[in-house]
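The numbering of the sequence shown is our numbering, which starts it at 268 and goes up by one.
Where is the CB? At the ideal position from N, CA and C, for every residue including glycine.
One structure is given below, encoded as structure tokens.
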Amino acid sequence: MAYSVLPIIDLQTGQVQFKVQGRWYTRYVSHPEQLERLVTRAARRPVFDPAHSELIVFVAAAGLPQGRQRAFSLAKFPRHHSLTKLGG
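Next up, the structure:
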């Protein structure tokens with residue numbers, strides 16, 4: 268099942284955030300500039316396919332009212348855990 272999302276894209280880090288059923292997801296894309304450019308030209312909202320970890324963008328195209336599909340593979344963003352603890 269795919270979910271309609273509105274991604275937040277960080278062009279510096281490639282981090283992509285979006286909300287699915289009340290839960291925030293953070294993923295990484297290797298070409299954030301391309302993703303942002305296509306999202307701004309999208310015929311409708313992108314969808315997230317969790318089974319394949321893909322963000323699918325429907326780019327406006329002549330003769331295709333639903334848009335042409337472009338899939339971006341997303342990777343889990345590494346979590347940064349502190350190696351030290353502050354004592355109190």
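In this structure Arg311 is exposed. Its beta-carbon is surrounded by fewer than 16 other beta-carbon atoms within 10 angstroms.
Taken in chain order, the whole beta strand (DSSP E) runs of length 3 or more contained in the segment 290-341 are 290-295, 314-316, 321-328, 331-340. Of the residues assessed, Arg308 falls on the exposed side of the cut-off, its CB having fewer than 16 other CB atoms within 10 angstroms. In the DSSP assignment, Gln284 falls within the unbroken beta strand (DSSP E) covering 282-287. The C-beta distance from Leu273 to Glu303 rounds to 13 Å, too long to fall under 8 Å, and the pair is not in contact. The alpha-carbon separation between Lys286 and Gln336 amounts to approximately 21 Å. Pro332 places its beta carbon 8 Å or farther from that of Ile323.
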